[in-house]
Amino acid sequence: MDILLYLPGDDLARWYAACAHYLPHARLRLWQEGDDDAADYALVWRPPAALLRARRGLRAIFNLGAGVDSILALESQHAGTLPEGVPLIRLDDAGMAQQMIDYVCHAVLHFFRRSDDYQRQQAAGVWQPLPAHRREDFVIGVMGLGRLGASVAAGLRPFGFAVRGWSRSLRNLEGVQCYAGQDQFDAFLQGCKVLVNLLPHTAQTQDILNQRTFAQLAHPAYLINVARGAHLVEADLLAAIEQGHIAGAALDVFREEPLPASHPFWQEPRIRITPHVSALTLPEDSIAQIAAKIAALARGEAVAGTVDLQRGY
Ligand SMILES: NC(=O)c1ccc[n+]([C@@H]2O[C@H](COP(=O)([O-])OP(=O)(O)OC[C@H]3O[C@@H](n4cnc5c(N)ncnc54)[C@H](OP(=O)(O)O)[C@@H]3O)[C@@H](O)[C@H]2O)c1
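Put into structure tokens, the structure is as follows:
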């Protein structure tokens, strides 16, 4: 079995070791410009169009992440980039859900315990106890209830917060008040104190974190964006912070990454910035999952995480 690997700037030795362990019979090669030799599978993260174009012999393309927006963008820029009839399969949790739970719970507790205010007070040398937030006021809304969003919603429950969730089709999650579709979007938003975004980036979800969305939340509210930078209208967030409508934001993803040094977010003390690390792709978990899916495909079985190209995720 021939496998093409493409992973810009990653820890290649760890990927090779994971492949040697979980796919011991595979011949692995790192794709380079001009390589159009046959391969059975491609394991890729943000590949160039040239890697995928005309690769009809592939049995599947495995995306080494949960979001497939960058691969689908290639197809919309150059139609025909994705070889017809070849399934595109994304990572399904593969160790990312627990990282998302950690990141989001940490950010929620940071805001709930007023650590943001105390950090600013410390920087100014101020000793001033502040009134505690009321737990019952901290309604948390999770946008996207897929692999990661549903796990995060469940991970928040033990802290005693009221948790809501919103998805395209109605989900039924224990202890989570679920809403679905555009019709129920406003009802979902109304009164949320913390908005957590775990949607995929599609034509329908682009720019969804905007002034209109912020206006429906509790006043003031907090934003946690761990999905994609393209979901957020950055100027609207800065305006909402300026107006006191958003009291704090934890952002892991940005429209331009790395976030440019001149970007106003760096200067805004109410925004916490991390460099797209809320859920890293773990080589061992990912390759173990891909090896199991390759075996399932060989048996003619359907595999979870197969992307619906029309839906865009
Ligand atoms: N920052 C990071 O490090 C990092 C790491 C991994 C992933 N991510 C991001 O997290 C995203 C989510 O990953 P996942 O594995 O949880 O995806 P997933 O399993 O595909 O779940 C997507 C969820 O979003 C919902 N959804 C999609 N379009 C919608 C719409 N128009 N309106 C309402 N709900 C909609 C889906 O609804 P249905 O349930 O009805 O299908 C589903 O509940 C990824 O796409 C990626 O962008 C970020």
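Residue 301 in the working numbering is what sits at position 299 of the sequence shown, and the numbering runs on without skipping anything. Cβ atoms here follow ideal geometry from the backbone N, Cα and C, with glycine treated the same way. Quantities reported herein were computed from a predicted structural model and do not represent experimental measurements.
Q: Report yes if the C-beta distance between residue 288 and residue 93 is below 7 Å; otherwise report no.
A: Stepping through the sequence shown from its first residue, residue 288 is reached at position 286. Stepping through the sequence shown from its first residue, residue 93 is reached at position 91. It is a contact, given that the beta carbons lie within the stated cut-off.
Q) Assuming residue 252 and residue 155 make a contact with CB atoms under 8 Å, what is their CB distance in whole Å? A) Against the sequence shown, residue 252 aligns to sequence position 250. Against the sequence shown, residue 155 aligns to sequence position 153. In fact, because the Cβ distance is near 17 Å, the residues do not count as touching under 8 Å.
Q.
Can you look up residue 315 in the DSSP assignment and give me helix, strand or coil?
A. For the purposes of this step, residue 315 is taken as the residue at position 313 of the sequence shown. Residue state, collapsed to three classes: coil.
Q) Cα separation between residue 47 and residue 150? A) Indexing the sequence shown from 1 puts residue 47 at position 45. Indexing the sequence shown from 1 puts residue 150 at position 148. Straight-line Cα distance between these residues: approximately 19 Å.
Q: May I ask you to list the residues that DSSP assigns as paired with residue 103?
A: Counting from 1 along the sequence shown, the entry for residue 103 is found at position 101. Answer is none; residue 103 lacks a bridge partner.
Q: Identify whether residue 158 lies in helix, strand or coil by the three-state DSSP scheme.
A: Residue 158 sits at position 156 when you count from the first residue of the sequence shown. Helix.
Q.
Less than 6 Å between C-beta atoms, sequence neighbours within five positions excluded: which residues of the same chain meet that for residue 193?
A. Counting from one through the sequence shown, the residue named residue 193 turns up at place 191. Cβ neighbours of residue 193 beyond the five flanking positions: 141, 220.
(Q) Count Cβ pairs between the stretch 54-62 and the stretch 80-100 that sit closer than 8 Å; are there 3 or more? (A) yes
Q: Return yes when the C-beta of residue 155 is under 6 Å from any heavy atom of ligand 1, and no when it is not.
A: Walking along the sequence shown from the start, residue 155 turns up at place 153. No, since every heavy atom of ligand 1 falls outside the 6 Å radius drawn around the Cβ of residue 155.
Q. From residue 133 to residue 246, what distance separates their C-alpha atoms?
A. Residue 133 sits at position 131 when you count from the first residue of the sequence shown. Residue 246 sits at position 244 when you count from the first residue of the sequence shown. So the alpha carbons of these two residues sit roughly 18 Å apart.
Q: Entirely within the stretch 204-268 and at least 4 residues each: give me those alpha helix (DSSP H) ranges in chain order.
A: Taking 4 residues as the minimum length, the alpha helix (DSSP H) runs contained wholly in the stretch 204-268 are 213-217, 236-244, in order along the chain.
Q | Simplified DSSP state of residue 44, which is helix, strand or coil | A | Numbered from its first residue, the sequence shown carries residue 44 at position 42. Here residue 44 sits in strand by DSSP.
Q. Is any heavy atom in ligand 1 found nearer than 6 Å to the beta carbon of residue 202?
A. Within the sequence shown, residue 202 is the residue found at index 200, counting from 1. Answer for residue 202: yes, Cβ within range of ligand 1.
Q: List the DSSP bridge partners of residue 181.
A: If you number the sequence shown from 1, residue 181 lands on position 179. Paired residues: 168.
Q) Do you know how far the Cα of residue 254 is from the Cα of residue 266? A) Residue numbering aside, residue 266 sits at position 264 when the sequence shown is read from its first letter. Residue numbering aside, residue 254 sits at position 252 when the sequence shown is read from its first letter. Going from the Cα of residue 266 to the Cα of residue 254 covers about 15 Å.
Q.
Checking 7 Å against the spacing of the C-beta atoms, do residue 173 and residue 147 come in under that value?
A. Taking the sequence shown and counting its residues from 1, one reaches residue 173 at position 171. Taking the sequence shown and counting its residues from 1, one reaches residue 147 at position 145. Yes, these two residues count as a Cβ contact at 7 Å.
Q) Which stretch, first to last residue, makes up the beta strand (DSSP E) that contains residue 16? A) On the sequence shown, residue 16 is found 14 positions in, with the first residue counted as 1. Counting along the chain, residue 16 falls outside any beta strand (DSSP E), though it belongs to the alpha helix (DSSP H) covering 14-24.
Q: Taking only runs that begin and end inside the stretch 42-96, name each unbroken beta strand (DSSP E) of 3 or more residues, in chain order.
A: For the beta strand (DSSP E) assignment, the uninterrupted runs of no fewer than 3 residues enclosed by the stretch 42-96 are, from N- to C-terminal side, 43-46, 62-65.
Q) What does residue 198 pair with, by DSSP beta-bridge criteria? A) What you label residue 198 is simply residue 196 of the sequence shown in a count that begins at 1. Answer by DSSP bridge pairing, in chain order: 144, 226.
**Q.** Cβ-heavy atom distance, residue 280 to ligand 1, below 6 Å
**A.** Within the sequence shown, numbered from 1, the residue matching residue 280 stands at position 278. With a cutoff of 6 Å, residue 280 counts as near ligand 1, since its C-beta is closer than that to a heavy atom of the ligand.
Q. Measuring CB to CB, does residue 304 end up less than 7 Å from residue 25?
A. The residue you call residue 304 lines up with position 302 of the sequence shown. The residue you call residue 25 lines up with position 23 of the sequence shown. Contact flag unset, no.
Q. So, are the CB atoms of residue 182 and residue 201 less than 7 Å apart?
A. Taking the sequence shown and counting its residues from 1, the one referred to as residue 182 is at position 180. Taking the sequence shown and counting its residues from 1, the one referred to as residue 201 is at position 199. Taking 7 Å as the Cβ cut-off, residue 182 and residue 201 do not qualify as a contacting pair.
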